[in-house]
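Chains as they are written, first to last, in this note's numbering: chain A, 1 to 233; chain B, 234 to 466; chain C, 467 to 684; chain D, 685 to 902.
Just so it is clear, CB atoms sit at the ideal spot from N, CA and C, and this is done for glycine as well.
Predicted, not measured: the structure shown is a model, and the values here were computed from it.
Okay, structure first, notes after.
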Amino acid sequence: MAGFDKVVNSYEEALDGLEDNMTVIAGGFGLCGIPENLIKEIKRKGTTGLTIASNNAGVDGKGLGLLLEEKQIKKMIASYVGENALFMEQLLSGELEVELTPQGTLAEKMRAGGAGIPAFFTATGYGTPVGEDKEVREYNGRHYILEEALQGDFTIAKAWKADRFGNLMFRKTARNFNPMAITAGKIAVVEVEEIVEVGTLDPDEIHLPGIYVNRLIQGTFVKDIEQRTVRQA
Amino acid sequence: MAGFDKVVNSYEEALDGLEDNMTVIAGGFGLCGIPENLIKEIKRKGTTGLTIASNNAGVDGKGLGLLLEEKQIKKMIASYVGENALFMEQLLSGELEVELTPQGTLAEKMRAGGAGIPAFFTATGYGTPVGEDKEVREYNGRHYILEEALQGDFTIAKAWKADRFGNLMFRKTARNFNPMAITAGKIAVVEVEEIVEVGTLDPDEIHLPGIYVNRLIQGTFVKDIEQRTVRQA
Amino acid sequence: MALTREQLAQRVAQEFKDGYYVNLGIGIPTLAANYVPEGVQVMLQSENGLLGMGQFPLEEEVDADLINAGKQTVTMVTGASIFSSAESFGMIRGGHVDLTVLGAFEVDCQGSIASYMIPGKLIKGMGGAMDLVAGADNIIVTMTHASKTGQSKLLAECTLPLTGKGCIKRVLTDLALLDIEDGKFILRERAPGVTVEEIAKLTEGELVIPDNVPEMAV
Amino acid sequence: MALTREQLAQRVAQEFKDGYYVNLGIGIPTLAANYVPEGVQVMLQSENGLLGMGQFPLEEEVDADLINAGKQTVTMVTGASIFSSAESFGMIRGGHVDLTVLGAFEVDCQGSIASYMIPGKLIKGMGGAMDLVAGADNIIVTMTHASKTGQSKLLAECTLPLTGKGCIKRVLTDLALLDIEDGKFILRERAPGVTVEEIAKLTEGELVIPDNVPEMAV
């Protein structure tokens with residue numbers, strides 16, 4: 001196994017080269033499908049001044065919330081930052097900056113960043129605070145604003161299963177932002193539950209080709225649940 | 234099986250409402266993964282004045298080439314139209330118009346058409362005949378041109394397997410343009426090799442959700458090969 | 467009598483048509499899934515990447531990898547599919563979802579909606595709401611007609627930061643069902659026992675009252 | 685002696701580095717796959733939606749659903765993946781492919797390339813070539829240095845309609861390997877037995893000749 005083997009053997013190696021003030025794109029929605037061990041490694045490393053693009057900022061003490069504890073995040077690009085008291089505290093005190101971005105626009109900005117599209121028009125946010133200072137154009141009688149692509153120095157993401165070439169499969173709604181986040185990172189680091197031998201995955205069933213993945217690591221996951229809702233039998 | 238059952242029982246029904254001078258988006262690359270029976274049905278119907286967006290225009294007597302025989306196509310939006318003598322003849326005689334569009338731009342225009350993105354910037358075609366009369370903008374020192382989305386009155390496409398809700402799986406490189414072509418058609422008609430019961434397909438393995446599919450029909454396919462290249466054992 | 471949450475949900479569900487793909491916001495919209503009319507099938511889209519959201523799981527079915535847009539654990543119905551957030555919002559932005567139902571703080575007679583932020587209070591973010599209102603043709607906003615102190619929420623012009631501009635055509639409140647056309651609210655239905663006068667008093671934006679305003683069937 | 689097609693392919697293959705994802709155009713570029721150096725693994729991207737293209741199939745393996753961008757039947761290598769055309773060109777446009785090799789009619793010392801159309805002759809279309817040259821940082825153009833009648837194809841300015849503007853940095857001809865920098869061709873290597881003077885005579889665009897121009901190892 002030579003050139004295409006993306007597997008690294010430690011979380012330290014997985015995030016080698018991550019430096020203060022870099023931009024990091026993180027996969028996940030709420031606490032679902034987040035790269036929980038890569039986040040913990042950033043906490044351990046103590047990297048600071050980070051700009052993080054992720055749909056959410058975790059909750060207190062979990063997910064990206066861990067990086068707020070030591071004030072490692074300078075700026076969050078996110079669509080929803082509720083459920084996080086420490087976040088609000090740092091935001092109100094001016095220690096943390098936030099760029100609220102509509103969820104679909106955020107997803108599309110990542111996809112554009114990975115796909116060589118520097119900017120695109122979307123109706124989302126026209127006439128709202130999101131559209132302020134953005135170019136407006138009319139197509140077929142509707143108004144659209146111009147949004148720019150997003151790229152990261154690093155992406156941290158989570159998938160379910162991978163082969164050693166970095167071909168990925170995701171599981172249920174843990175897929176969410178992970179695929180496009182991976183495409184938009186200059187160095188894309190992916191942690192997975194299981195690494196299988198190359199050739200095990202059906203080429204038609206691979207959700208994201210390994211070409212986008214730079215480093216791959218197998219981890220164990222807690223998988224916290226934000227809202228455990230159940231019905232009675 | 235009520236509201237979400239997309240199955241129709243005849244090709245006539247599948248293309249009901251297709252009228253002269255409409256725009257049709259067609260999936261397929263060369264003769265691979267083309268909706269061959271839907272094309273034959275358009276030939277049978279005799280619909281004329283069509284604008285067709287498809288990567289290729291078939292070959293003489295096969296695929297979209299069939300629609301050239303009775304001059305049913307007014308305009309082709311395609312990236313590559315070689316291998317088709319009748320096409321060239323009609324083009325040179327002025328009976329047929331062609332809008333050459335780079336392959337990746339064509340794919341992205343269809344994706345944008347399906348995804349509510351009216352226009353996007355791409356470096357592809359800047360400084361070339363494709364970029365003439367298009368808006369140019371610089372991002373990070375590179376030049377990009379603005380390309381608009383593509384939508385069709387109808388899409389005709391081919392998938393491998395579907396459930397009755399129109400959830401689709403494609404097979405090998407017969408996937409090609411089919412997924413985004415389907416998203417970009419106001420009425421998306423898909424022919425497949427096999428229709429399975431709902432619940433048979435793993436939700437994680439569906440390539441395109443049924444929400445994009447309006448009509449589904451099971452067909453039998455010849456699957457012509459343009460370049461049969463083989464090696465000796 | 468003002469509609470209860472359950473009655474609001476019932477009235478929303480009357481808008482469901484067989485074969486509709488529907489995105490239901492958190493709160494009352496979600497409750498509407500309990501009142502799908504007889505003979506009608508709808509499929510619920512959850513913008514975090516699930517089409518065909520089912521009910522909450524049994525305790526033993528709980529799966530951290532299967533949640534809805536409100537971060538609640540859910541299940542999938544037969545025929546469900548999973549996709550990325552980019553695909554999900556392509557679906558929404560591209561107008562493939564037949565009906566979107568969501569809550570709001572304010573709506574105005576220009577069809578603008580404010581639902582995500584109250585300046586001076588805490589900032590939570592718009593999540594997918596801006597994409598949903600921008601992408602859908604068919605949107606129902608559910609809300610109370612007025613605040614507890616009697617301030618109208620159906621305004622001549624929204625006062626809070628907008629979620630979307632000129633995109634709302636139908637509003638269901640606890641008092642009435644209204645369409646928005648040409649810069650005016652059109653009163654379509656009254657809650658049972660609520661008078662046209664009561665509604666008019668609590669509607670700040672210009673209100674058109676047709677000759678016949680039937681009571682809702684809830 | 686001018687390089688043969690096989691020698692051109694061999695020289696191209698020397699640019700392959702272990703772990704490279706490579707897109708090879710039709711013709712000589714495709715031949716390069718036969719000369720991958722010892723100890724080097726490359727994975728071939730075919731822009732119709734395949735990463736990990738293998739050799740031609742055995743007669744009994746032929747599958748109409750598995751072709752390459754030249755519409756030839758192919759196979760997949762172990763570890764291959766399949767995706768849509770939109771994903772494929774996202775990969776290409778986004779710069780994820782490490783090396784692109786393609787043919788051309790003309791290249792100029794501004795790095796522009798003409799490869800898809802000769803006005804007055806039949807129009808075939810650019811296929812994926814415009815996307816490939818716009819998306820890749822690392823492109824090698826392979827072509828004959830001059831026409832059969834001795835007209836240079838390495839020009840001061842392309843005369844044919846462009847496939848891409850200012851995007852080419854390296855050209856391999858049957859006579860030489862050249863880089864393009866600051867509006868000049870830089871002669872890097874000579875085909876075995878070909879003199880610097882012969883190359884200079886057949887290069888219309890400004891040519892920089894370093895002190896030492898080694899022969900290619902082919």
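Open item on the list: Cβ closer than 8 angstroms: which chain B residues qualify as neighbours of Thr-544(C)?
Closed with: Val-431 and Gly-432
TODO: Might you give, ordered along the chain, the residues of its own chain that have their beta carbon closer than 8 angstroms to the beta carbon of Ala-600(C), omitting 5 neighbours on each side?
DONE: Arg-559, Gly-630 and Cys-633
Task: Tyr-486(C) classed as buried or exposed, judged by whether at least 16 other C-beta atoms fall within 10 angstroms - done: buried
Task: For Val-817(D), three-class secondary structure by DSSP - done: helix
Open item on the list: Please report the straight-line C-alpha distance between Gly-419(C) and Ala-570(C), rounded to a whole angstrom.
Closed with: For residue 419(C) there is no data in the structure shown, the boundaries of chain C being 467 and 684.
Open item on the list: Going by the DSSP bridge assignment, what does Met-810(D) pair with across the sheet?
Closed with: DSSP lists no partner for Met-810(D).
Task: Chain-order list of residues whose beta-carbon lies under 7 angstroms from that of Thr-357(B) (same chain, five-residue window excluded) - done: Pro-335, Gly-337 and Thr-338
Task: 3 or more residues per run - each beta strand (DSSP E) lying fully within the stretch 295 to 333 of chain B - done: 306 to 311 and 330 to 333
TODO: Would you mind sorting Thr-625(C) into buried or exposed? The rule is 16 or more other CB atoms within 10 Å of its CB.
DONE: exposed
TODO: At 7 angstroms on the CB atoms, spell out the chain C contacts of Ala-233(A), in chain order.
DONE: Leu-524
Task: Beta-carbon proximity check, Asp-747(D) vs Phe-773(D), cutoff 8 angstroms - done: no
Task: Of the residues Pro-118(A), Ala-162(A), Ile-145(A) and Met-169(A), the one placed nearest Gly-374(B), counting alpha carbons only - done: Pro-118(A)
Task: Pair within 8 angstroms by beta-carbon distance, Ser-769(D) and Ala-340(B) - done: yes
- [ ] Check distances from the C-beta atoms of the stretch 182 to 197 of chain A to those of chain D and list, in chain order, the residues that come in under 7 angstroms.
- [x] Thr-183
Open item on the list: Measuring only the C-alpha atoms, how far is Thr-229(A) from Glu-205(A)?
Closed with: 31 angstroms
- [ ] Give every residue of the same chain whose Cβ lies closer than 6 angstroms to the Cβ of Gly-58(A), excluding the five residues on either side of it in the sequence, and list them in chain order.
- [x] Leu-64 and Gly-65
Open item on the list: Taking the alpha-carbon of Met-169(A) as reference, which of Ile-272(B), Pro-436(B) and Lys-278(B) has the nearest alpha-carbon?
Closed with: Pro-436(B)
Task: Ile-893(D) (DSSP reduced to helix, strand or coil) - done: coil
Task: DSSP state of Gly-131(A) mapped onto helix, strand, coil - done: helix
Task: Test: Thr-355(B) CB closer than 8 angstroms to a CB of chain A - done: yes
Task: Residues within the stretch 844 to 869 of chain D neighbouring chain B, beta-carbon criterion of under 9 angstroms - done: Pro-845, Leu-846, Thr-847, Gly-848, Lys-849, Gly-850 and Cys-851
TODO: With DSSP as the reference, label Met-110(A) as helix, strand or coil.
DONE: helix
Open item on the list: Taking 8 angstroms as the threshold (beta carbon to beta carbon), is Ile-52(A) in contact with chain B?
Closed with: no
Task: Collapsed DSSP secondary structure at Ala-642(C) in the structure displayed - done: strand
TODO: Quick one: using the 10 Å Cβ neighbour count with 16 as the cut-off for buried, is Lys-239(B) buried or exposed?
DONE: buried
Task: Cβ of Val-230(A) within 8 angstroms of any chain C Cβ - done: yes
Open item on the list: Assess contact between the stretch 82 to 94 of chain A and the stretch 6 to 21 of chain A, defined as three or more Cβ pairs (one per stretch) separated by less than 8 angstroms. Is contact present?
Closed with: no
Task: Asn-489(C), DSSP secondary structure in three states - done: strand
TODO: Measure the alpha-carbon distance for Tyr-139(A) versus Gly-349(B) and round it to whole angstroms.
DONE: 11 angstroms
TODO: Confirm, please, whether the CB-CB distance from Thr-566(C) to Ile-533(C) is below 8 angstroms.
DONE: no
- [ ] Examine chain A for any beta-carbon lying closer than 8 angstroms to the beta-carbon of Tyr-445(B), and answer yes or no.
- [x] no
TODO: Spatial neighbours of Gln-756(D) within its chain, please: CB distance less than 8 angstroms, with the 5 preceding and 5 following residues excluded, ordered by chain position.
DONE: Phe-740
- [ ] Decide yes or no for the touch test of the stretch 413 to 423 of chain B against the stretch 353 to 368 of chain B: beta carbon pairs closer than 8 angstroms, at least 3 of them.
- [x] no
Open item on the list: One question on the structure: do Asp-792(D) and Ala-840(D) come within less than 8 angstroms of each other, judged by their Cβ atoms?
Closed with: yes
Open item on the list: Let me check understanding here. Comparing Cα to Cα, which of Pro-627(C), Ile-646(C), Glu-504(C) and Ala-612(C) lies closest to Asp-603(C)?
Closed with: Ile-646(C)
TODO: Report yes or no: is there a C-beta of chain B within less than 8 angstroms of the C-beta of Gly-560(C)?
DONE: yes
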